[in-house]
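Novice:
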Amino acid sequence: MSTKLLEGERALVTGCAGGIGRGIAKALKEEGATVLGSDITAPPTEDGIDFLPKYDDLPFLAGLRQLGHPNATNPIYRGRVRTPPGRPYPFSLGGAVGALEQAIREHPNDDRSYAALGELYLFEVGWISRSLEMFERAARLAPDRLDYQWRLYDLYLNNSQADKALATLKRLAERLPRDQQVQDWYRFYREAYAFKPGEFSPAVTATTTR
123 MSTKLLEGER ALVTGCAGGI GRGIAKALKE EGATVLGSDI TAPPTEDGID
173 FLPKYDDLPF LAGLRQLGHP NATNPIYRGR VRTPPGRPYP FSLGGAVGAL
223 EQAIREHPND DRSYAALGEL YLFEVGWISR SLEMFERAAR LAPDRLDYQW
273 RLYDLYLNNS QADKALATLK RLAERLPRDQ QVQDWYRFYR EAYAFKPGEF
323 SPAVTATTTR
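Numbering (my numbering), first residue to last: 123 to 332.
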């Protein structure tokens, strides 16, 4: 009989290509869990972590497909939300931020400037909380933009805000009733996070009751 705490469990770890996310994924794997990892950057290739790419326009997907990676043809978000165009390097990060902040001051009701700044913070800096703030503002100005909702859903998950992620996924499920994958996601997360204040659901705390 295995003595590993998480034997038979599955774990999804975001930001698993490096840093804290990578360390968490490795620790879960060592405790017996099957680890599924996602990241906006290059994937891990060892330690038995099953990488799930997020977007279908990531530059390294073609290489993964050539290597026969099992998940390379099925990114999580597919074409629902895309990565921003690549910037020529070197470029001035401070200058790019300053230009977008100036555009926001001049046109405070233009959702596109907030979204562009949010993408800059996310993909060039990795500043999730600041990116989240920008996309929340963009979504308030343009509530019908589903790509903003997808970005918010992803950011809420990465920022450990399960309640807001679930609320955003509910909105997406209501807007996309024929998208079976979205409906399945919402059904799963609704059950997994169905807990009262101060109480975790059985699905979340199954390993703690052994």
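Heads up, the beta-carbon is just placed ideally off N, CA and C, and yes, glycines get one too.
What does Thr-156 pair with, by DSSP beta-bridge criteria?
Specialist: Looking at the DSSP output, Thr-156 shares a beta bridge with Arg-132.
Novice: If you compare alpha carbons, which of Val-157, Phe-213, Asn-231, Leu-244 is closest to Arg-204?
Specialist: Leu-244
Novice: What is the rounded straight-line gap between the Cα of Phe-257 and the Cα of Tyr-270?
Specialist: 6 Å
Novice: Let me confirm a value: Glu-241 is counted as buried when at least 16 other C-beta atoms fall within 10 Å, else exposed. Which label applies?
Specialist: So Glu-241 ends up on the buried side.
Novice: Which whole-angstrom value describes the C-beta separation of Arg-187 and Thr-156, a residue pair presumed to lie in contact below a C-beta threshold of 8 Å?
Specialist: Their Cβ separation, rounded to whole angstroms, is 23 Å, which puts Arg-187 and Thr-156 out of contact at 8 Å.
Novice: Quick one: Cα of Arg-202 to Cα of Lys-286, how far?
Specialist: 19 Å
Novice: Among the residues of its own chain, which have a CB less than 6 Å from the CB of Arg-252, if the five just before and after it don't count?
Specialist: In chain order, Tyr-243 place their CB closer than 6 Å to the CB of Arg-252, counting only its own chain and leaving out the 5 sequence neighbours on each side.
Novice: If Asp-233 and Leu-277 are in contact, beta carbons under 8 Å, what's the gap, nearest whole angstrom?
Specialist: At roughly 16 Å, the Cβ-Cβ gap does not stay under 8 Å, so Asp-233 and Leu-277 are not in contact.
Novice: Would you decide whether Ala-289 is buried or exposed? Buried here means 16 or more other CB atoms lie within 10 Å of its CB.
Specialist: Ala-289 is exposed by the Cβ-count criterion.
Novice: For Glu-153, which residues of its own chain have a beta-carbon under 6 Å away from its beta-carbon, when the five flanking residues on both sides are left out?
Specialist: Excluding residues within five positions, the ones whose Cβ falls inside 6 Å are Lys-126, Leu-127, Leu-128.
Novice: May I have the straight-line CA-CA distance separating Tyr-199 from Glu-313, to the nearest angstrom?
Specialist: 21 Å
Novice: With distance defined between alpha-carbon atoms, name the residue in Pro-207, Asp-306, Pro-212 nearest to Ala-238.
Specialist: Pro-207
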